[in-house]
Structures are given as structure tokens and as C-alpha cells.
Amino acid sequence: MKLTEIQDLVNAGTFTDSDAWSRVEADLRASIAGVVWPPGNDRFVINPVIDGNGVVPIKRQFSSNISALGWKLEERFPRFSDEEVVKRRRPGAVDAALDLSAYGLPPFFVEWETGNIASSHRAMNKMALALKRGLISGGIWVVSSGDLAPYLTDRIGNYPEFEPYFDLYSDLEVEAGYLGVAIVEHDETSLEAPFIDKQQTRRWRSLTGIASPLAPC
């Protein structure tokens, strides 16, 4: 898979000049480049049919790749230290987190988009909140480009759809930290490529009348 751009939204202080950032960026690039299709291929080739491909198998490959580099998956969102908010419900777990304590820094988060634009807002808000509270060194949201998104699940969160909201995050005032967007897309298209499996949600099964494989016959 191809990483077309990393767009900085917040870049305060010296984090991106540090060895910690070099590690984060290298791991991110390697984990994205290691996402391939079909399985066993050396690149990511997608069948260019509108709404034809699923997204979960793509994320699973990325998660496996970055986990092998020492990142923790489904890391719980850290608790707030502020007594005023310590009893509030925490945001959900993050897709991947890298412990940067060896660098004397808080962790770094990565979120990979597999949902709709509401999911995109949750992912970005989660990282922006953690950055504002000083709980992380930074975060990156990985999202499909405008060229890739049409071939994936309908209404998948994507770069062109979310880009108008970037100013909300660029205006975030922090003394130090990073927030960015990594835009990914396919290496090639081919009508010969197998479709990427779609996750069959409970709602989808009810609409199609197809029973869950776990349901009794």
C-alpha cells in the first residue's frame, strides 16, 4: 500500500525533530507499505468496482505489521489526571499505541479509519483531547485517499470528506505535540484482483435475510 502524504495539523515544540518521531514515522511507513492485496502479493492491487471491497482485512494487516514493531493494539485511553473529569467515561481504545517512555515522553497513538465520517470525528477528537491534556506525544489518523475510497465500503470515512474540518484541529493550542493525517491508497487497480471481504454486520444480515454463521439453523 502507498502512503501518499503525511499532513501536519498540529506541530508544536520539537517532537518532530526527535528520535522518538523518527521511530514513529519509520514504523508507520513500514507498516503501511507492508499492507498487500491479494495475500502473498508484493503490493496492494484493488479491483476498481465502486463499493466493491471491504476495509477490515486491510486494517488487520496494518495492525499485525505495526504490532510486530512493538506497538500495542487496542490500547485503553489513559485516565485523566484532572480531578474534575476523572470520573467521566473515557473514550474508547485506540487502534495502536507506542510506548515512548524510553525517550522520556508520553505515548503516541495511531487510528486507522474503517468507519463512516462519524467514526472519523471520534478518532480525531480522541487524539486531539489526549494531546490537549498532555496524555500523548502525538497522534496520526490513517485514512483513505479520494482515489481509493470509492472502491471501498460505501460511506467509508475518507480524506476529501473530512478535510473541511481540519481547521478545528489546526487551531488546537498546545505547548508541545503532534497531530497529523496519513493518506493511503492502492498501488494499482486490476479487474482480475479478488474483492476484499466485507464484514457482515448484524444489520446487513437482517436486510439480506442471510443468517449469521453463528446462529442456530
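Under numbering that gives the first Met the number 0, think of the first position of the sequence shown as 0, with each following residue one higher. Heads up, the beta-carbon is just placed ideally off N, CA and C, and yes, glycines get one too. Keep in mind it's a predicted model, so treat the numbers as computed, not measured.
Quick check on DSSP: helix, strand or coil for residue i?
| i | result |
| --- | --- |
| Phe43 | strand |
| Pro212 | Low per-residue confidence applies at Pro212: pLDDT is 37, beneath 50, and the placement is therefore not dependable enough to give any value. |
| Thr15 | helix |
| Leu171 | coil |
| Trp70 | coil |
| Leu151 | strand |
| Ser143 | strand |
| Ile195 | coil |
| Arg28 | helix |
| Phe76 | coil |
Once the 5 residues before and after residue i are set aside, which same chain residues still bring their CB inside 8 Å of it?
| i | result |
| --- | --- |
| Leu68 | Asp26, Ala29 and Ser30 |
| Gly91 | Phe76, Arg121 and Lys125 |
| Thr3 | Ser144, Ile182, Val183 and Glu184 |
| Asn115 | Arg154, Ile155 and Gly156 |
| Asp18 | Tyr102 |
What are the residues that DSSP puts in a beta bridge with residue i?
| i | result |
| --- | --- |
| Asn10 | Tyr177 |
| Gly138 | Phe108 and Leu178 |
| Glu4 | Ile182 |
| Leu188 | Checking the sequence, you will find Thr at residue 188 rather than Leu. DSSP lists Ile45 as partners of Thr188. |
| Trp36 | Phe43 |
| Asn157 | Ser143 |
| Asn52 | Leu151 |
Using the rule of at least 16 other Cβ atoms within 10 Å of the residue's Cβ for burial, across every protein chain shown, is residue i buried or exposed?
| i | result |
| --- | --- |
| Phe14 | buried |
| Ala117 | exposed |
| Ser119 | buried |
| Asn124 | exposed |
| Thr207 | Any reading at Thr207 needs caution, since the residue's pLDDT is 43, under 50, leaving its predicted position unreliable; the model's value is listed next. Per the 10 Å Cβ criterion, exposed. |
| Pro38 | exposed |
| Ser136 | buried |
| Tyr150 | buried |
| Arg201 | Legend: pLDDT at Arg201 = 44, less than 50; position of this residue unreliable, value from coordinates given subsequently. Arg201 comes out exposed. |
| Lys103 | First, the amino acid is wrong: residue 103 is Gly here, not Lys. Classification of Gly103: exposed, given that the 10 Å Cβ count is below 16. |
| Val238 | Since the first and last residues shown for the chain are 0 and 216, residue 238 lies out of range. |
| Asn40 | exposed |
| Ser62 | buried |
| Gly133 | exposed |
| Glu191 | exposed |
| Leu167 | exposed |
Below 6 Å CB to CB, which residues in the same chain sit around residue i once its five sequence neighbours on both sides are set aside?
| i | result |
| --- | --- |
| Leu147 | Glu184 and His185 |
| Trp70 | Ala95 and Leu97 |
| Met0 | Ile31, Val34, Phe43 and Val183 |
| Ile139 | Val109, Gly179 and Ala181 |
If I measure Cβ to Cβ from residue i and keep anything under 7 Å in the same chain, skipping five residues before and after, which residues do I get?
| i | result |
| --- | --- |
| Phe165 | Leu8 |
| Val173 | Val9, Ala11, Leu130 and Lys131 |
| Asp153 | Asp50 |
Which runs of the alpha helix (DSSP H) spanning at least 4 residues fall entirely within the stretch 84-132, listed in chain order? 116-131
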